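**Q** Chains as they are written, first to last, in our numbering: chain A, -8 to 107; chain B, 5 to 116.
We treat Cβ as the ideally placed atom computed from N, Cα and C, and that holds for glycine.
As the structure is a computational prediction, the values presented were derived from the model and not from experiment.
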Amino acid sequence: GAGVSQSPSNKVTEKGKDVELRCDPISGHTALYWYRQSLGQGLEFLIYFQGNSAPDKSGLPSDRFSAERTGGSVSTLTIQRTQQEDSAVYLCASSGPGQGAYNEQFFGPGTRLTVL
Amino acid sequence: QKEVEQNSGPLSVPEGAIASLNCTYSDRGSQSFFWYRQYSGKSPELIMSIYSNGDKEDGRFTAQLNKASQYVSLLIRDSQPSDSATYLCAVRYGRRYSTLTFGKGTMLLVSP
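1. Using CA coordinates, which residue listed in B:F65, B:R96, B:A94 and B:S77 is at the minimum distance from Q84 (chain B)?
2. If I follow the unbroken beta strand (DSSP E) through Y55 (chain B), where does it start and stop?
3. What is the C-beta distance between Q10 (chain B) and C93 (chain B), in whole angstroms, given that I count them as a contact (C-beta under 8 angstroms)?
4. Check this for me: beta carbons of Y40 (chain B) and P48 (chain B), under 9 angstroms apart or not?
5. Quick check on the DSSP output: the beta strand (DSSP E) that includes T21 (chain A) runs from which residue to which?
6. For P52 (chain A), tell me which candidate among A:Y26, A:R13 and A:F98 has the shortest Cα-Cα distance.
7. Is S16 (chain B) buried or exposed, if buried means 16 or more other CB atoms sit within 10 Å of its CB?
8. Is there at least one non-hydrogen atom of the ligand GTP closer than 8 angstroms to the beta-carbon of E59 (chain A)?
9. Step through the CB atoms of chain A and report whether any lies within less than 9 angstroms of the CB of L112 (chain B).
10. To which residues of the same chain is D82 (chain B) closer than 7 angstroms at the C-beta, ignoring the five residues directly before and after it?
11. Is the shortest distance between the beta-carbon of Q96 (chain A) and the beta-carbons of chain B less than 9 angstroms?
12. So with Cβ pairs under 9 angstroms, would you call P100 (chain A) a contact of chain B?
13. Taking Y81 (chain A) as the query, report the chain B residues whose CB atoms sit under 8 angstroms from its CB, ordered along the chain.
14. Looking at chain A, which residues of the stretch 50 to 68 of chain B have a Cβ within less than 9 angstroms of any of its Cβ atoms?
15. Mark T103 (chain B) as exposed unless 16 or more other C-beta atoms lie within 10 angstroms of its C-beta, in which case mark it buried.
16. Is V76 (chain B) near D31 (chain B), with beta carbons less than 9 angstroms apart?
17. What does I38 (chain A) pair with, by DSSP beta-bridge criteria?
18. Starting from the C-beta of R72 (chain A), find all residues in its chain whose C-beta is less than 6 angstroms away, skip the five residues before and the five after it, and write them out in chain order.
19. Starting from Q74 (chain A), find everything on chain B with Cβ-Cβ shorter than 7 angstroms and list it in chain order.
20. From which residue to which residue does the beta strand (DSSP E) around L12 (chain A) run?
21. Pull up the distance between the alpha-carbon of N57 (chain B) and that of T69 (chain A), whole angstroms please.
22. Here's a check: name, in chain order, each residue in its chain whose Cβ is nearer than 8 angstroms to the Cβ of S64 (chain A), leaving out the five neighbours to either side.
23. According to a CB-to-CB cut-off of less than 9 angstroms, which residues of the stretch 5 to 23 of chain A neighbour chain B?
24. Name the DSSP bridge partner or partners of A72 (chain B)?
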């Protein structure tokens, strides 16, 4: 079956512009996660959606970052007034169905964001 | 602060050898453990998951978990050059919280 898809695969923007990154999870997966990975660094958790519950936003680095998930499926991560330190690969993952300690997360191909 | 520690490497092994990758974690409440493989420029790919103490084997891969010592390891038998990648250890803390905490990864280099 289809895996997690993300778009665009690459995004180059100018400092101060807003960007939107899209994630389409695996069909039937109820949980969706956003991470980012800076060059040579580990994965940093950003935000987590589970079903209709309020999202866990504890990893968002600043109020310039926001995300929404429409209809329990597709998610959009928005970064406002981008800064050069926002340059990274943004990874989306999904898991499910349901919520549990043993659910495995599967990653999309990522969006490489470059802020000039 | 929940932490997951891995030796950054690189770990160099000859083709056909056993590669041993280790990971330690800080929270005794950890529920589940995962190994991901990440090729350069690609996204992480799930290799193994383990939840109970002991060994779990899948093909050439064996995951080992020791909750008392708070470590998890991944053994790769008959290593191949195609196994050269960064291996990420991930830990989930608790049943309700589904987010994973990742180590920074160990780079494995398998020489022909």
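**A** In brief:
1. Here residue 84 (chain B) corresponds to residue number 80 of the second sequence, with the count starting at 1. Among B:F65, B:R96, B:A94 and B:S77, the Cα nearest to that of Q84 (chain B) belongs to B:F65.
2. Locating residue 55 (chain B) in the second sequence gives position 51, counting from the first residue. Segment: none, Y55 (chain B) is in no beta strand (DSSP E) and carries neither H nor E.
3. Taking the second sequence and counting its residues from 1, the one referred to as residue 10 (chain B) is at position 6. Taking the second sequence and counting its residues from 1, the one referred to as residue 93 (chain B) is at position 89. Yes, they are in contact, since the Cβ atoms of Q10 (chain B) and C93 (chain B) sit about 5 angstroms apart, within 8 angstroms.
4. Mapped onto the second sequence, residue 40 (chain B) falls at position 36. Mapped onto the second sequence, residue 48 (chain B) falls at position 44. Yes. Within cutoff.
5. If you number the first sequence from 1, residue 21 (chain A) lands on position 30. Where T21 (chain A) is concerned, there is no enclosing beta strand (DSSP E), given that its DSSP letter is neither H nor E.
6. Counting from 1 along the first sequence, the entry for residue 52 (chain A) is found at position 61. Nearest option by C-alpha distance: A:Y26.
7. For the purposes of this step, residue 16 (chain B) is taken as residue 12 along the second sequence, with counting starting at 1. With fewer than 16 other beta carbons inside 10 angstroms of its own, S16 (chain B) counts as exposed.
8. No copy of the ligand GTP occurs in the structure displayed, which carries no ligand at all.
9. Here residue 112 (chain B) is taken as the residue at index 108 of the second sequence, counted from 1. Judged by the 9 angstroms Cβ criterion, L112 (chain B) is not in contact with chain A.
10. Locating residue 82 (chain B) in the second sequence gives position 78, counting from the first residue. Setting aside the 5 residues that flank it on each side, D82 (chain B) is surrounded in the same chain by G20 and R64, each with a C-beta closer than 7 angstroms to its C-beta; the list follows chain order.
11. The residue labelled residue 96 (chain A) in the question sits at position 105 within the first sequence. Taking Cβ atoms only, chain B reaches closer than 9 angstroms to Q96 (chain A), which makes this a yes.
12. Here residue 100 (chain A) refers to the residue found at position 109 of the first sequence. For P100 (chain A), at least one C-beta of chain B is nearer than 9 angstroms to its own C-beta.
13. Mapped onto the first sequence, residue 81 (chain A) falls at position 90. The contacting residues do not exist; Y81 (chain A) stays about 10 angstroms from chain B at best.
14. Residues of the stretch 50 to 68 of chain B with a C-beta atom less than 9 angstroms from some C-beta of chain A are L50, S53 and Y55, listed in chain order.
15. Reading the second sequence from its first residue, position 99 is the one you call residue 103 (chain B). Buried, since its Cβ has 16 or more Cβ neighbours within 10 Å.
16. The residue you call residue 76 (chain B) lines up with position 72 of the second sequence. The residue you call residue 31 (chain B) lines up with position 27 of the second sequence. Not in contact: V76 (chain B) and D31 (chain B) (Cβ atoms no closer than 9 angstroms).
17. As a first step, residue 38 (chain A) is located in the first sequence; it is residue number 47 there, counting from the start. Bridge partners of I38 (chain A): A:W25.
18. For the purposes of this step, residue 72 (chain A) is taken as the residue at position 81 of the first sequence. The residues are G7 and R55.
19. The residue given as residue 74 (chain A) occupies position 83 in the first sequence. None at all; the shortest Cβ gap to chain B is about 23 angstroms.
20. Along the first sequence, read from residue 1 onward, the residue named residue 12 (chain A) stands at position 21. First-last of the beta strand (DSSP E) with L12 (chain A): V10 to D15.
21. Counting from one through the second sequence, the residue named residue 57 (chain B) turns up at place 53. Counting from one through the first sequence, the residue named residue 69 (chain A) turns up at place 78. Within the model, the alpha-carbon separation for N57 (chain B) versus T69 (chain A) is close to 41 angstroms.
22. Here the question's residue 64 (chain A) lines up with position 73 in the first sequence. Excluding sequence positions up to five before and after S64 (chain A), its CB lies within less than 8 angstroms of the CB of D15 and P16, all in the same chain and listed in chain order.
23. Under the 9 angstroms Cβ criterion, the stretch 5 to 23 of chain A contributes A22.
24. Your numbering for residue 72 (chain B) matches position 68 in the second sequence. Residue pairing by DSSP places A72 (chain B) in no beta bridge whatsoever.
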